[in-house]
Each structure stands twice: as C-alpha cells, then as structure tokens.
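Asks: Numbering (our numbering), first residue to last: 115 to 488. I have a structure here, written as structure tokens, and I will follow up with some questions on it.
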C-alpha cells in the first residue's frame, strides 16, 4: 500500500489564513478572500481616456473613463436596473448612459435620468471607487472609501530623481492567483533555474538567503560574491571581471514587491554599503487580483546608470519582459495543478520562509477587515 501522506504545511496552503476559499479548486469562494483596504494599480494612465474601459478588479467589474477635464473615474460596471455592463453603453459628457434602457449616471454614481420618467429612484446608484493618478498608474481603493488615504501609496524617490531613468513594461495578465505571484517575487532561489539566460548567474544556486520579518514587510536578501555578473547585467554594463552581486526582495502586503538588484566590482565595498561604483536597478512590481485564478501584473524599473539612453531602456524592458514571461509559464502551470487538487500535500523548505511570512501579513489584514478594524 502507498505510504501515508505527510500533513500539508499550513504556511504553504493556498490563501492559508483565509477560510473563505483557496487558490485553486474552490467554487464559490468568498469575495472576502482579497484585501480591500489597500491601493492597487488598476490601469496604466494611457489606458483610460474619453471612452468606457472595463476591467475586473478583485472579482468586481469596474468601468473607467476620464471626465472632460481629464479626471479619471471608476464606476461599478453594472447597471442597477437590469445588470447590463455600463461599459456597453456610451459616454455623454461626464455621464454614463446604460445601453439597455438609457439610464444615465453621474460621476458620483447616482442615476440622474430615466427616459420616460420624472426623476430617478434613489436606489438606482452605481458604486464609485476612489482613484489616484501617480507614477503613470491609476490606483484604485476597492475598500471602505472613508479609509482611502493617498499617503498609503508606496513612495518611489528614484522615479523622477536626477540621474535616474525609468522604463516600464507592458501590462501582463497572468492566469494565477495573486499570492502565487507574490511567492515568486520574494523567492531569489528560483532565479537560477527559471531565468537561466536572463537574471541568473553562475554560482548563485547554493548561496543562502537572509530573511527579515518586519511589522509590515518581509525582506529577503542574498549576496553572491566574486562571481561572474548575471547575463542581464553583463549585457548592459561593462564589467571586465567578476563582481559582487546582490538581490534584495522586499514585500509589502498585500501585493507589492520591490526588487533591488545590482553589481559592483569585487572589493569596492558594496557588501558594506558603499554603492558608489555599483550598477543599481530597482524593480517595482505591483500585482492586482482580477479573479481567484488570474491577476494583473504592473511593473517598471528605475536605474542609476545611462539615464539618457532610451535604446538601453528599451533593451531592459525587453529583457525583463522575457524574464517575467518565464515566470508566467511556471505560475500558470502551478495554478493548473492546484485546480486539479488544491489539497495535494507540499513539502515545506527553509527557502519558503519569506512566502510563509508574507501570507501571515495578508492574514492579519484580512482579519482586521473582518473585524472592522482600520
């Protein structure tokens, strides 16, 4: 007879702390499996204009548009009359007209006109979500609007700093739960195997990582000393010999990861904090849940070298796109496996410490929302 299965490591269970549902295989999982009181990128700024644009955010349909003065609006993409998506209607000035019976909704979500009727019922209202436009992104607050504070959006000093350049990639839709993506974004160990021709370098696979657990973040770091540069950095910087190379992954719940990458000449003092001779790049990664099994991936990098070289920016974007597509293949395969049997036991390894802690932070946020805490 087959050997008995070992218990599933609690820290590796999908959405391990959310009783509402699991990443895969759960039909009818509760909407509360997502953290709502947080800022999420909903779109790139260029995606939203003087047209009705629909996107699913945290399992909810949202229609976006800009008013005549350029202000972005996020409205529930559902007419309260017969539930037709408002995105199938038309934009009239700053108002949205439903394409079924012509009900018209203002920027506050209230119905202001019903054809053939005097006035409009008070309950005829579409929900409106707070938005902030920053870093080329449109950020949405899906939770309690009274708690929405733009100060909670991550600060990115290098985004418009002198001597730093920004390159951003295309929006990527990944067929996997957002926590699977966040697991990947705090996992330096996978780089040597998934990204052999892009971000990996010789001698890195067996280098241990250091995990720092903070009150509202998890940081994972690894130094690879006196080794050849990663293929990616070798292509964009002139390193005549081996380098000291670092990877620092910082996770902020529910779904932001900042990856600090860089290389410096051996002996230049980078491990002790002197980055004066270093090539540095910070990758900002934002994952917005679409559904239980799909997510939107927004990302860009800031760098401290060759800031005016637009051709280099294009090459960096191309190479990161290639690397992130490699991640997508793996994550979507994991999601398909979970859909077959989400209860299949998995082995817990020391390298999983960061992802386990990141899920605990999400668990705390979910619990706070269930209890009505700010």
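For each residue, glycine too, the CB sits at the ideal point set by N, CA and C.
Sort 274, 269, 325 and 249 by Cα distance to residue 464 and report the nearest one.
Replies: Measuring from the Cα of residue 464, the nearest candidate turns out to be 325.
Asks: For my contact list, residue 408 and residue 289 are in at a C-beta cut-off of 8 Å; report their separation, rounded to the angstrom.
Replies: About 5 Å; that satisfies the 8 Å criterion.
Asks: Please work out which residues of its chain come closer than 8 Å, Cβ to Cβ, to residue 385, disregarding the five sequence neighbours upstream and downstream, and give them in chain order.
Replies: The residues are 337, 339, 358 and 360.
Asks: Between residue 366 and residue 304, what straight-line distance do the alpha-carbon atoms span, to the nearest angstrom?
Replies: Taking the straight line from one Cα to the other gives about 20 Å.
Asks: Counting Cβ pairs closer than 8 Å, one from the stretch 416-425 and one from the stretch 376-396, do we hit at least three?
Replies: Verdict: yes, contact present.
Asks: Three-state secondary structure (DSSP) at residue 476?
Replies: Reduced to three states, the DSSP call for residue 476 is helix.
Asks: By Cβ distance, which residues of its chain are closer than 6 Å to residue 451, with the 5 residues on each side in sequence left out?
Replies: Here the set comprises nothing.
Asks: Quick check: residue 176 and residue 156, are their CB atoms within less than 8 Å of each other?
Replies: In this structure, residue 156 lies closer than 8 Å to residue 176 by Cβ.
Asks: Can you tell me whether residue 138 is helix, strand or coil according to DSSP?
Replies: With a pLDDT of 42 at residue 138, under the threshold of 50, the modelled position of this residue cannot be trusted; read the value that follows with caution. It is coil, neither helix nor strand.
Asks: Under a three-way DSSP split, which group does residue 461 fall into?
Replies: In the structure shown, residue 461 sits in coil (DSSP, three-state: anything other than H, G, I, E or B).
Asks: If you draw a straight line from the alpha carbon of residue 105 to that of residue 237, how long is it in whole angstroms?
Replies: Outside the modelled stretch of the chain, which goes from 115 to 488, sits residue 105, for which no answer is possible.
Asks: Under a three-way DSSP split, which group does residue 221 fall into?
Replies: Three-state result, residue 221: coil.
Asks: The beta strand (DSSP E) spanning residue 364 covers which residue range?
Replies: Residues 357-366.
Asks: With 16 other CB atoms within 10 Å as the buried threshold, where does residue 309 fall?
Replies: By the neighbour-count rule (16 or more Cβ atoms within 10 Å), residue 309 is buried.
Asks: Take every Cβ of the stretch 193-206, pair it with every Cβ of the stretch 244-255, and state whether three or more of those distances are shorter than 8 Å.
Replies: No: the two stretches stay apart, fewer than three of their Cβ pairs being nearer than 8 Å.
Asks: How many Å lie between residue 198 and residue 214 at the Cα?
Replies: If you take the alpha carbons of residue 198 and residue 214, they lie about 7 Å apart.
Asks: Residue 210 and residue 166: beta carbons closer than 8 Å?
Replies: Taking 8 Å as the Cβ cut-off, residue 210 and residue 166 qualify as a contacting pair.
Asks: Which word fits residue 254, buried or exposed, when buried means at least 16 other C-beta atoms lie within 10 angstroms of its C-beta?
Replies: Buried, since its Cβ has 16 or more Cβ neighbours within 10 Å.
Asks: Tell me the start and end of each unbroken beta strand (DSSP E) in the stretch 202-258 that is at least 3 residues and wholly inside, in chain order.
Replies: You should have 204-206, 209-211, 225-227, 245-248 and 251-254.
Asks: So residue 293 packs on residue 473, CB below 8 Å; how close in whole Å?
Replies: Confirmed, Cβ separation roughly 7 Å.
Asks: With residue 265 and residue 190 assumed to form a contact (beta carbons below 8 Å), what rounded beta-carbon distance in angstroms separates them?
Replies: Contact doesn't hold; Cβ gap of about 26 Å is too wide.
Asks: Please report the straight-line C-alpha distance between residue 170 and residue 323, rounded to a whole angstrom.
Replies: Residue 170 and residue 323: Cα-Cα distance of roughly 36 Å.
Asks: Would you mind reading off the limits of the beta strand (DSSP E) that contains residue 156?
Replies: Segment 154-158, the beta strand (DSSP E) holding residue 156.
Asks: Assign residue 75 to one of two classes, buried (16 or more other C-beta atoms within 10 Å of its C-beta) or exposed (fewer than that).
Replies: Residue 75 lies beyond the range of the chain shown here (115 to 488); nothing can be said about it.
Asks: With a cut-off of 8 Å on the beta carbons, I'd call residue 343 and residue 377 a contact; round off their distance for me.
Replies: Contact flag correct, Cβ pair sits at about 5 Å.
Asks: Please classify residue 498 as buried or exposed, where buried requires at least 16 neighbouring CB atoms within 10 angstroms.
Replies: Shown here, the chain extends from 115 to 488; a query on residue 498 therefore has no answer.
Asks: Which residue comes first and which comes last in the beta strand (DSSP E) that contains residue 339?
Replies: 332-341 is the extent of the beta strand (DSSP E) around residue 339.
Asks: Jot down the residue ranges of each uninterrupted alpha helix (DSSP H) in the stretch 415-446, minimum 4 residues, whole runs only, in chain order.
Replies: For the stretch 415-446, not a single whole alpha helix (DSSP H) run of length 4 or above is found.
Asks: With distances taken Cα to Cα, identify the nearest neighbour of residue 221 among 345, 200 and 471.
Replies: That would be 200, whose Cα lies nearest to the Cα of residue 221.
Asks: Using DSSP with H/G/I as helix, E/B as strand and the rest coil, what is residue 481?
Replies: If DSSP states are grouped into helix, strand and coil, residue 481 belongs with the helices.
Asks: Measuring from the CB of residue 411, is there a heavy atom of the ligand ZN at a distance below 7 Å?
Replies: No copy of the ligand ZN appears in this structure; indeed no ligand is present at all.
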